[in-house]
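J.: Protein chains in written order, with this note's numbering: chain A, 20 to 334; chain B, 20 to 334.
Cβ atoms here follow ideal geometry from the backbone N, Cα and C, with glycine treated the same way.
Everything numeric in this text was worked out from a predicted model, so none of it was measured.
2 protein chains.
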Amino acid sequence: MIKLTIIDIANFAGVSKSTVSRVINKDKHVSKKTREKILNIIKESGYVPDNIARSLITKKTYTIGLIIPDIINPFYSETSKIIEDTLRKLGYSLIICNTNNRSTLQNTYLNILIQRKVDGIIFGSVKTNDSNIVKFAERGLPYITYHRRLSDKKSNFVISDDIDGIKLAVKHLIDLGHRNIAYISGPKLFSTGINRLRGFIEARNIFNLNNNSDFIQEGGYSENKSWQATKTLINLPIPPTVPKDISLIGYDNINLASHARIQLTTISVAKKYMAKQVAELFVKKIINNKHKLELVQVKLKPKLVIRKTTSKISI
Amino acid sequence: MIKLTIIDIANFAGVSKSTVSRVINKDKHVSKKTREKILNIIKESGYVPDNIARSLITKKTYTIGLIIPDIINPFYSETSKIIEDTLRKLGYSLIICNTNNRSTLQNTYLNILIQRKVDGIIFGSVKTNDSNIVKFAERGLPYITYHRRLSDKKSNFVISDDIDGIKLAVKHLIDLGHRNIAYISGPKLFSTGINRLRGFIEARNIFNLNNNSDFIQEGGYSENKSWQATKTLINLPIPPTVPKDISLIGYDNINLASHARIQLTTISVAKKYMAKQVAELFVKKIINNKHKLELVQVKLKPKLVIRKTTSKISI
DNA sequence: CTGAAAGCGCTTACAG
DNA sequence: CTGAAAGCGCTTACAG
């Protein structure tokens with residue numbers, strides 16, 4: 020199996036390699052006749068241009084890195100798949116990196132991606148103040164985050180409006196007659212955790228609810244911690260309002276929420292749309308638009324999905 | 020942000036770029052003094068060698084393609100993650116491609132990966148006779164499959180021994196006193212489906228079981244089809260042996276099998292080990308060993324995991 | 001142990 | 001519309 024180069028094609032067609040290059044790059048300044056001749060030879064010969072050689076000159080690899088905590092987590096496998104699909108249609112390939120939430124591994128990946136000359140990096144779960152990303156950003160490599168954002172005002176992101184989401188949840192409970200509403204929070208090193216908590220506090224003020232600080236418990240996205248928090252809440256002198264049982268709203272419409280035996284009322288995040296948007300906007304507004312310095316800062320509206328775990332208060 | 024090249028480092032160190040290159044590539048023929056000086060300058064300056072330029076000469080990209088049906092399927096997200104992790108430790112990056120089982124998309128990806136000059140391709144779900152892969156293989160690009168194999172005797176693979184797996188299952192049922200044993204098969208275009216069926220037929224002969232052809236029903240990995248097949252089996256004049264209900268063995272120890280309300284006895288495949296092996300053997304035995312033409316053909320032993328869906332026959 | 005030179009397979013002004 | 005030449009940032013014989 021001999022590997023063909025652009026020179027082989029040029030010789031065979033009786034033209035210079037410049038002309039072959041123009042045909043490959045869809046340059047208009049080639050006569051129809053020459054173009055067709057070359058195109059034919061390329062097809063017949065099975066010649067494939069070497070992207071490596073091309074990248075060396077153009078400084079574009081058409082490769083993007085995706086840094087996520089864990090592809091086994093359904094949120095990330097679903098969004099990764101859509102990101103990959105969207106990028107492919109735009110001519111890009113994706114290198115997926117699982118950090119397992121370890122910042123040393125994230126740094127390892129950042130170095131790998133820099134050395135591989137990726138055109139940019141998408142982050143799926145940034146900590147609000149990640150000094151390593153700030154340092155890396157100084158290299159001038161374009162990046163964007165989804166699901167979570169950096170606190171930096173000039174950062175690019177596509178996220179769900181977490182403040183609004185919690186307000187939807189609180190409003191729903193109030194509409195059902197509840198007044199004592201508690202909140203089990205996520206970790207505060209992510210914008211998701213920070214903003215949902217902020218949304219809860221704002222909602223309490225808007226609706227004039229009990230400001231009892233016991234009604235906010237740290238759950239930390241851990242089953243165990245959340246279970247402890249729940250017990251604390253139930254044993255409060257004035258526990259959260261109780262209908263038949265307790266009205267309960269989750270966040271992120273994970274598959275388990277709709278399970279027949281669970282039927283959790285939930286705030287639903289448009290994760291598929293988010294994934295498509297982050298990939299498209301990153302390529303179109305940032306990577307292919309380097310001169311313009313346009314910021315991408317998108318907050319998607321969450322939705323309330325009412326199922327069986329919330330109901331009217333029964334006094 | 021100015022981009023440094025090997026020439027900048029060379030000038031700064033007062034040596035030629037050849038010497039810098041040797042240091043970067045850990046060539047021994049450099050004096051300790053020069054080496055340390057250069058290493059220091061590299062560190063201080065934040066210089067990162069350009070892998071693209073290097074690849075153009077070495078013809079190695081240290082990139083591997085992984086072609087799977089769907090990263091959302093837990094089997095593939097779990098194995099992909101391990102493959103990626105294993106490859107990273109060996110110095111390789113991974114481009115994951117989801118075909119959704121569509122051969123046109125697989126071809127698209129094959130072309131992309133060829134153009135990107137990947138060092139090899141790992142396939143997660145090949146059809147036994149995939150003419151496109153055969154055609155592609157003629158390009159001389161190394162490849163290997165896992166989970167499923169090509170019928171081609173000279174192909175590389177790491178799979179589970181599916182024939183043996185079914186035999187384990189049949190033997191277990193016989194040990195429990197069953198004699199009328201039925202089998203709901205998978206699609207025959209995969210080695211998994213073919214070999215499990217073959218294993219079932221061989222087991223019937225070995226244990227002198229009823230050769231009734233009604234006891235083999237096509238399930239096609241589809242819930243609906245399998246349900247039809249089950250009804251057909253139950254309504255047979257002589258149905259499969261019935262204890263309290265029916266003894267049932269699944270294949271592939273998916274998470275649902277161990278669910279508290281399911282407790283399916285199952286043939287378990289060492290998928291994590293399989294993933295690690297396919298990545299390691301591919302790099303060590305095939306990619307880094309091109310001259311030797313060594314075949315990698317590994318069949319891992321499956322295990323029987325006994326839970327609650329199988330029990331002694333009660334006459 | 002070190003350097004000068006050639007070359008990997010392309011693209012891109014420049015000139016015609 | 002087309003070609004000759006320079007160059008992208010490295011590696012690698014070859015020579016000393």
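Could you tell me which residues DSSP puts in a beta bridge with Q236 (chain A)?
T.: BP columns for Q236 (chain A) point to A:I203.
J.: Where S99 (chain B) and L85 (chain B) are concerned, what is the direct C-alpha to C-alpha distance, given to the nearest angstrom?
T.: Taking the straight line from one Cα to the other gives about 8 Å.
J.: Considering S339 (chain B), what are the terminal residues of the beta strand (DSSP E) in which it resides?
T.: Because chain B here runs from 20 to 334, residue 339 (chain B) falls outside it and cannot be looked at.
J.: Taking the straight line between their C-alpha atoms, what separation do you get for P262 (chain B) and T328 (chain B)?
T.: Because P262 (chain B) carries a pLDDT of 49, less than 50, the predicted location of this residue cannot be relied on, and no value is offered for it.
J.: Determine, using beta carbons only, whether Q125 (chain B) comes closer than 7 Å to chain A.
T.: No, Q125 (chain B) lies away from the interface with chain A (no Cβ there is under 7 Å from its Cβ).
J.: In the DSSP output, which residue or residues are listed as bridge partners for G212 (chain A)?
T.: According to DSSP, which records beta bridges pairwise, G212 (chain A) is partnered with nothing at all.
J.: Run through chain B and tell me which residues come within less than 8 Å of T6 (chain A), C-beta to C-beta.
T.: Because chain A is modelled from 20 through 334, residue 6 (chain A) falls outside the range shown and cannot be assessed.
J.: Mind checking I61 (chain A): buried by the 16 CB within 10 Å criterion, or exposed?
T.: Buried is the call here.
J.: Can you list, in chain order, the residues of its chain with a C-beta nearer than 7 Å to that of I213 (chain B)? Leave out the 5 residues immediately preceding and following it.
T.: Answer for I213 (chain B): T147 and K207, listed in chain order.
J.: Are the CB atoms of P321 (chain A) and I286 (chain A) nearer to each other than 7 Å?
T.: Going by C-beta atoms, P321 (chain A) is nearer than 7 Å to I286 (chain A).
J.: Just grab the DSSP bridge partners of V324 (chain A) for me.
T.: According to DSSP, which records beta bridges pairwise, V324 (chain A) is partnered with A:T285.
J.: Flag R135 (chain B) as yes if its beta-carbon sits less than 7 Å from any beta-carbon of chain A, otherwise no.
T.: For R135 (chain B), the answer is yes, since a Cβ of chain A falls inside 7 Å of its Cβ.
J.: For T38 (chain A), name the three-state secondary structure that DSSP assigns.
T.: Helix at T38 (chain A).
J.: Taking 7 Å as the cut-off, decide whether the C-beta atoms of I182 (chain A) and R217 (chain A) are in contact.
T.: Yes, the Cβ-Cβ distance between I182 (chain A) and R217 (chain A) is below 7 Å.
J.: Tell me where the alpha helix (DSSP H) around S150 (chain B) begins and ends.
T.: First-last of the alpha helix (DSSP H) with S150 (chain B): S150 to A156.
J.: Could you tell me which residues DSSP pairs with Q316 (chain B) in its beta bridges?
T.: In DSSP, Q316 (chain B) forms a bridge with B:F176.
J.: Shorter than 7 Å from the beta carbon of N117 (chain B) to some beta carbon of chain A?
T.: True, the Cβ-Cβ gap to chain A drops below 7 Å.
J.: Going by DSSP, what residues sit across from N117 (chain B) in a beta bridge?
T.: N117 (chain B) pairs with B:I87.
J.: Near D69 (chain A), what residues of its chain come up, given a Cβ to Cβ distance below 7 Å and the 5 sequence neighbours on each side ignored?
T.: Excluding residues within five positions, none has a Cβ falling inside 7 Å.
J.: Check each candidate in B:A32, B:S40 and B:S179 and name the one with the smallest Cα separation from G143 (chain B).
T.: The shortest C-alpha separation from G143 (chain B) is found at B:S179.
J.: Using a threshold of 7 Å, state whether the C-beta atoms of F337 (chain B) and A201 (chain B) are closer than that.
T.: Because chain B is modelled from 20 through 334, residue 337 (chain B) falls outside the range shown and cannot be assessed.
J.: Counting only beta-carbon atoms, is E63 (chain A) nearer than 7 Å to chain B?
T.: Judged by the 7 Å Cβ criterion, E63 (chain A) is not in contact with chain B.
J.: Cβ of V67 (chain A) less than 7 Å from any chain B Cβ?
T.: Yes, contact with chain B.
J.: Look up S112 (chain B) in the DSSP assignment and give the residues it is bridged to.
T.: Answer by DSSP bridge pairing, in chain order: B:T82.
J.: Give me the chain B residues within the contact set of L75 (chain A), using Cβ-Cβ distance strictly less than 7 Å, ordered along the chain.
T.: Neighbours of L75 (chain A) on chain B, chain order: I71, A72 and L75.
J.: Under a CB-based cut-off of 7 Å, is P262 (chain B) close to chain A?
T.: Confidence in P262 (chain B) is poor, its pLDDT being 49 and thus under 50, which makes the residue's placement unreliable; the coordinate value appears in the next sentence. False, the Cβ-Cβ gap to chain A never drops below 7 Å.
J.: Just the chain B side, please: which residues come within less than 8 Å of L113 (chain A) by C-beta, in chain order?
T.: Ordered by position in chain B, the residues that pass the 8 Å Cβ test against L113 (chain A) are I114 and I115.
J.: In the DSSP assignment, the beta strand (DSSP E) including G269 (chain A) goes from what residue to what residue?
T.: I268 to Y270 is the extent of the beta strand (DSSP E) around G269 (chain A).
J.: Going by DSSP, which residues form a beta bridge with I335 (chain B)?
T.: This structure leaves residue 335 (chain B) out entirely; chain B is present only between 20 and 334.
J.: Closest Cβ-Cβ distance between K100 (chain A) and chain B: below 7 Å?
T.: Chain B, which has a Cβ nearer than 7 Å to the Cβ of K100 (chain A), makes this yes.
J.: Relative to the alpha-carbon of A294 (chain A), which residue among A:N229, A:K172, A:K190 and A:I163 has its alpha-carbon at the smallest distance?
T.: Among A:N229, A:K172, A:K190 and A:I163, the Cα nearest to that of A294 (chain A) belongs to A:I163.
J.: Starting from K290 (chain B), trace the alpha helix (DSSP H) in both directions and tell me its first and last residue.
T.: It spans K290 to L300 - the alpha helix (DSSP H) in which K290 (chain B) sits, taken as one unbroken run.
J.: Relative to the C-alpha of R198 (chain B), which candidate in B:S37, B:P161 and B:F226 has its C-alpha closest?
T.: Ranking B:S37, B:P161 and B:F226 by Cα distance to R198 (chain B) puts B:F226 first.
J.: With a CB to CB cut of under 7 Å and the five nearest residues on each side skipped, what residues in its chain are close to I26 (chain A)?
T.: Same-chain partners within the cutoff: K36.
J.: Of the choices A:R167, A:N119, A:I268 and A:K309, whose alpha-carbon is the least far from that of K190 (chain A)?
T.: It is A:I268.
J.: Tell me which residue opens and which closes the alpha helix (DSSP H) that N70 (chain A) is part of.
T.: Segment N70 to T77, the alpha helix (DSSP H) holding N70 (chain A).
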